[in-house]
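These notes are about the structure you will find just below.
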Ligand code: SAM
Ligand code: SF4
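In full-length UniProt numbering, the protein residues as written are 1 to 328.
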């Protein structure tokens, strides 16, 4: 049982840490084409990130996900993984990545103690992949997925943001790509974070629509499994070893079981993906370099203000921060 609880009695056992806002891709749903990234002094140092991780783990957090931006473009990331993975009491250290650096980094990540990976993959067509990521090279990512499979992670999951007119017609092929390799795959409904220069409603594809598309090729069997995150799962009768996940912030609100908070790379502790409420832990980290108690007091007080739920609206930008700054 977590010793960190919010005002609704939900235990906070899951911390998502953004280790950088930078990225080598510019995905259309995540960033604007011209992004300005944070100056270095506004970004937490690796030591500061490690200190926050240690504080949360000492107070009951069992799962940490490193994300970004692209976590693998941050210098020193493998060493940071090793230090966080060694924290006593942590059940698992996991990471979300775009896969572009995995050919060289998959094995060092396993050796450092990263247990599971989520790898984003929105298309199996090189041109479309380039159009969605604006700069990404599909073959490099697929080679990264192969390297991750060979490196010995406990589990690998692909993440796909489902979008009409961009990749919805590829959903059965993306499922086939995953299950034929023994991987899980999760489909995500696009969330309205940051102004990316177009209406999100145009391409919105609900999880129910994704399920219907998958059901045209496979037999879905609902499952009550949990991975400690917001996804609901199904399995395929034809490939029972893989899990098919659905993250549905619009159509099936997942807030009731929310067990997580996010730390941005600026040190803002975000209490909810869909709200701007946050506290500035960077200021406290720097004001009290050797005393964790003020940090812990601030975290506990902030958790009392964690919202009950998010309310996303497809055509309105209610949250001005982009996903890369949020730590998706
Ligand atoms: N760069 C890494 C990656 O792409 O996997 C990690 C960070 S990225 C922000 C984490 C996940 O958020 C990715 O799977 C991405 O597809 C997803 N994502 C980004 N912007 C999103 C949005 N507006 N709505 C839903 N998912 C989004
Ligand atoms: Fe980069 Fe990930 Fe955002 Fe794409 S989704 S721009 S890979 S941070």
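Note that beta-carbon positions come from the ideal geometry of N, C-alpha and C, so glycine has one too.
Simplified DSSP assignment, three categories, for residue i
{"i": "residue 165", "result": "coil"}
{"i": "residue 34", "result": "coil"}
{"i": "residue 270", "result": "strand"}
{"i": "residue 99", "result": "coil"}
{"i": "residue 263", "result": "strand"}
{"i": "residue 46", "result": "helix"}
{"i": "residue 304", "result": "coil"}
{"i": "residue 212", "result": "helix"}
{"i": "residue 217", "result": "coil"}
{"i": "residue 133", "result": "helix"}
{"i": "residue 241", "result": "coil"}
{"i": "residue 76", "result": "coil"}
{"i": "residue 56", "result": "helix"}
{"i": "residue 110", "result": "helix"}
{"i": "residue 39", "result": "coil"}
{"i": "residue 282", "result": "helix"}
{"i": "residue 182", "result": "coil"}
{"i": "residue 29", "result": "coil"}
{"i": "residue 177", "result": "helix"}
{"i": "residue 192", "result": "coil"}
{"i": "residue 24", "result": "coil"}
{"i": "residue 124", "result": "coil"}
{"i": "residue 292", "result": "coil"}
In DSSP terms, what residue i is bridged to
{"i": "residue 92", "result": "63"}
{"i": "residue 246", "result": "187 and 232"}
{"i": "residue 277", "result": "Residue 277 is not bridged to any residue."}
{"i": "residue 11", "result": "5"}
{"i": "residue 83", "result": "Its beta-bridge partners do not exist; DSSP assigns none."}
{"i": "residue 116", "result": "94 and 155"}
{"i": "residue 331", "result": "The requested residue 331 is not part of the displayed model; the chain covers only 1 to 328."}
{"i": "residue 204", "result": "163"}
{"i": "residue 17", "result": "66 and 263"}
Sequence-distant residues of the same chain with beta carbon closer than 6 angstroms to residue i, five excluded per side
{"i": "residue 18", "result": "67, 68, 264, 265 and 327"}
{"i": "residue 187", "result": "160, 162, 210 and 246"}
{"i": "residue 120", "result": "98 and 159"}
{"i": "residue 151", "result": "106, 107 and 110"}
{"i": "residue 147", "result": "102, 103 and 106"}
{"i": "residue 59", "result": "3 and 4"}
{"i": "residue 213", "result": "171"}
{"i": "residue 14", "result": "63, 228, 259 and 260"}
{"i": "residue 126", "result": "138"}
{"i": "residue 37", "result": "21 and 22"}
{"i": "residue 144", "result": "99, 102 and 103"}
{"i": "residue 217", "result": "172"}
{"i": "residue 50", "result": "83"}
Expected contact under 8 angstroms - CB spacing of residue i and residue j to nearest Å
{"i": "residue 232", "j": "residue 245", "result": "7 angstroms"}
{"i": "residue 124", "j": "residue 158", "result": "No, residue 124 and residue 158 are not in contact; Cβ-Cβ is about 11 angstroms, not under 8 angstroms."}
{"i": "residue 4", "j": "residue 270", "result": "Actually they are not in contact, since the Cβ atoms of residue 4 and residue 270 sit about 15 angstroms apart, beyond 8 angstroms."}
{"i": "residue 25", "j": "residue 139", "result": "Rounded, the Cβ-Cβ distance is 14 angstroms, inconsistent with contact."}
Cβ shell of residue i (< 8 angstroms), same chain only, five flanking positions each side left out
{"i": "residue 108", "result": "78"}
{"i": "residue 20", "result": "43, 68, 69, 70, 71, 73, 74 and 265"}
{"i": "residue 94", "result": "63, 64, 65, 66, 114, 115, 116, 117 and 118"}
beta-carbon residue i near the ligand ATP non-hydrogen atom, thresh 7 angstroms
{"i": "residue 70", "result": "Because the ligand ATP does not appear in the structure shown, any question about it cannot be addressed here, the ligands present being the ligand SAM and the ligand SF4."}
Nonlocal neighbours in the same chain, by C-beta distance under 7 angstroms from residue i, ignoring five residues either side
{"i": "residue 241", "result": "182"}
{"i": "residue 87", "result": "53, 54 and 57"}
{"i": "residue 154", "result": "115 and 116"}
{"i": "residue 168", "result": "162, 205 and 213"}
{"i": "residue 91", "result": "62 and 63"}
Within-8 angstroms CB hit, residue i to chain B
{"i": "residue 263", "result": "Chain labels in this structure do not include chain B; a single protein chain is all it has."}
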